[in-house]
Amino acid sequence: MCRIDSEPMNPPAARVRTRFAPSPTGFLHTGGARTALFNWLFARRYGGDFILRVEDTDAARNSEEGLAVILDSLRWLGLEWDEGPGRDGPHSPYYQSQRRDIYDRYLGRLQASGHVYEDDGAIRFRVPDREIAVDDLVCGRISANLREQGSRRWDAEARREIETNPDLVIRRPDGSYIFHFVNVVDDLEMGVTHVIRGEDHLSNTPKHVALFDALKAPLPVYAHVPLYLNADGSKMSKRDQGALIHEYIEAGFVPDAVNNYMALLGWSPKDDREIFTLAELVERFDLDGINRSNSKFDYEKCVWVNGEHLRRLDPAAYQAATAPYLKQAGIPADDPRVPAVLALLRDRAQTLGQIPALLAPILADTVKFDPAALAKLASRTDLDAVRDALIGKLEALPEWNAEAIKEALHEAAGALDAKMGAIMLPCRVAITGDTSGPDLAPTLEIIGRETVLQRLREFSLPVSAA
Ligand code: GLU
């Protein structure tokens, strides 16, 4: 957790260039996605460039498919990059595995200036013997003396501290470069002005600054974003609910809602507002709004944010967003009743994935009775009377619409001297099989007079569950 206060920031003087630099591991964690979002928002806010750089130097762990999941997730979120895979730019290629000649060139510069030396086949960077301070925009000033820090380490076998070489290996004996070196070279080469990344990289930053200094390059602005934790304070892993972006796609979240929630996990708009579209975040986002303390991930809150976004979609957009989830559940999205059912249900669903189950009982050809619903009616002795009253009133309606149906329900209750609830519960169970659902009268309107009357006529306890 960052502790030191930082100053509010001024708008950047130069054209902003940010980057997201994932390793293609096969999934996009919300922590990484939030980093991508903050970089994207900051670049968009100031009309700059957002670069996607693939840190794929670890051949054993990286794969094409692993990258595809990340790219798909970013596209789904709407975080399109200006330069990166599939978008050539002035610094192509954007895959570290293809930039070896650039790294060799920079190594040559460090060799020429005497900053590196060979050690048993590896190449080491001489770390300076001085305090290196980093003024982080979020975390404030941190400092470290790398020489002191790296000259001793705990030896588990010997059970004591031993002396070590503090100089940083930047190229391994097998010729591969280490993360710190390629990360710095690429940030420098690609003209990255702001490095916005997870706080887990804060302790690496003095090393990065030492490399920038040795290369006589100006430093980017650093902004390390505090990590967020599970509700119980534990570290979030990819197995925790809501950890991976593709789960949100499957569950029926809308991208703006996921962006909105991720933004709130590490940034505050300085007022109580909680719901933002991506475009609204662009208008409001700045680095001085990034929280300095860890926040806690709350899946339920994220679901709530999604429900709020669903509520704000216009009917056509809502229908379009729902269509794939209906299709997946085997419900034809072009059923003429779908728009009306969606209009009726939309405030009841917090994710698009919940919609097919809400919709199905209304569109189904046959009623599927919930045993618990039937059990609720088991002790009622008035069911025949209720059914007959309902049939009588509904049959007699000159027009079949929600308002008239509601009136008929009232009249049936009046005729039996019963409360509305006593009429509506059996009516709902007889027609939908369940005790709860959207407003009853519009539900009956959609199901249609013929079907409603037929279901009422056929309904008598005990029902043999269909
Ligand atoms: N590949 C690094 C990571 O995924 C990037 C670190 C950085 O943003 O500088 O953690």
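For the sequence shown, our numbering gives the first residue as 147, with consecutive numbering after it. Quick reminder that beta carbons are idealized off the backbone N, C-alpha and C, glycines included.
With a 10 Å radius around its C-beta and 16 neighbouring C-beta atoms as the bar for buried, classify residue i as buried or exposed.
i, result
"Q242", "buried"
"K473", "exposed"
"K539", "buried"
"P482", "exposed"
"W227", "buried"
"T527", "exposed"
"A495", "buried"
"Y263", "exposed"
"D266", "exposed"
"P461", "exposed"
"G194", "buried"
"A558", "buried"
Mind checking which residues open and close the alpha helix (DSSP H) that includes residue i?
i, result
"F325", "F325 to E335"
"N405", "P401 to L410"
"G232", "G232 -> no alpha helix (DSSP H), and no H or E assigned at all."
"G538", "L529 to E541"
"N452", "Y445 to R458"
"Y394", "I391 to A397"
"W546", "That residue, W546, is in no alpha helix (DSSP H); it is neither H nor E in DSSP."
Residues in the same chain with beta-carbon distance under 8 Å from residue i, minus the five sequence neighbours each way, listed in chain order, please.
i, result
"D151", "Its pLDDT being 48, under 50, D151 is placed unreliably in this model, and the coordinates cannot settle the point."
"R457", "R492 and D493"
"W222", "I391, I395 and P401"
"N440", "M147, P372, L373, Y374 and L375"
"S606", "L529, D530 and R533"
"L292", "V273, P274, I278, P312, L314, P352, K353 and A356"
"P231", "L198, V200, L213, L217, Y240 and Y241"
Pull up the distance between the alpha-carbon of residue i and that of residue j, whole angstroms please.
i, j, result
"A302", "E309", "13 Å"
"I537", "R574", "13 Å"
"P478", "D402", "26 Å"
"N311", "K353", "15 Å"
"D585", "A182", "42 Å"
"R306", "W300", "6 Å"
"V348", "E294", "Checking the sequence shown, residue 348 turns out to be Leu, not Val. Rounded to whole angstroms, L348 to E294 spans 18 Å at the Cα level."
"S209", "T203", "11 Å"
"P236", "L373", "32 Å"
"T578", "N405", "37 Å"
"R180", "V330", "22 Å"
"S219", "A564", "55 Å"
"S525", "P572", "12 Å"
"A290", "A356", "11 Å"
"G594", "I508", "10 Å"
"P157", "I342", "16 Å"
"A535", "V598", "14 Å"
"H261", "F166", "28 Å"
"K362", "G379", "42 Å"
"R318", "F327", "11 Å"
"L225", "H556", "52 Å"
"H340", "F515", "59 Å"
"F184", "L590", "47 Å"
Please list the terminal residues of the continuous beta strand (DSSP E) segment that includes residue i.
i, result
"T597", "Counting along the chain, T597 falls outside any beta strand (DSSP E), though it belongs to the alpha helix (DSSP H) covering R595 to E604."
"G172", "First-last for G172: undefined, no H or E at that position."
"L314", "L314 to R317"
"D320", "That residue, D320, is in no beta strand (DSSP E); it is neither H nor E in DSSP."
"H370", "V367 to V371"
"T164", "R163 to F166"
"H340", "H340 to G344"
"R270", "A268 to F271"
"F358", "Not the beta strand (DSSP E): F358 falls in the alpha helix (DSSP H), residues T351 to A360."
"S289", "G286 to N291"
Hey, residue i and residue j are a contact pair by Cβ (cut 8 Å); roughly how many whole angstroms apart?
i, j, result
"V428", "R191", "6 Å"
"L529", "L520", "Actually they are not in contact, since the Cβ atoms of L529 and L520 sit about 11 Å apart, beyond 8 Å."
"P366", "D333", "6 Å"
"A389", "K442", "That pair is no contact at about 14 Å."
"I316", "I248", "Not quite, the Cβ-Cβ distance comes to about 14 Å (not below 8 Å), so this is no contact."
"E211", "G172", "7 Å"
"R245", "P239", "6 Å"
"L255", "D313", "Checking the displayed sequence, the identity of residue 255 turns out to be Arg instead of Leu. That belief does not hold up - the Cβ atoms of R255 and D313 are roughly 17 Å apart, past 8 Å."
"L283", "Y407", "23 Å between Cβ atoms; not a contact."
"L504", "G398", "With a Cβ gap of about 12 Å, L504 and G398 do not count as contacting."
"I592", "A486", "5 Å"
Apart from the five residues on each side of it in sequence, which residues of its chain come closer than 7 Å, Cβ to Cβ, to residue i?
i, result
"I216", "P168, P170 and L174"
"I288", "V280, D282 and L348"
"R603", "I537"
Can you name, in chain order, every residue of its own chain whose Cβ lies under 6 Å from the Cβ of residue i, other than the five neighbours on each side?
i, result
"A587", "A548, I551 and K552"
"E229", "I197 and G235"
"V449", "Q496"
"Y252", "V331"
"Q600", "none"
Taking 8 Å as the cut-off, is the beta-carbon of residue i closer than that to any non-hydrogen atom of the ligand SAH?
i, result
"G212", "With respect to the ligand SAH, the structure offers nothing, as its ligand set consists of the ligand GLU."
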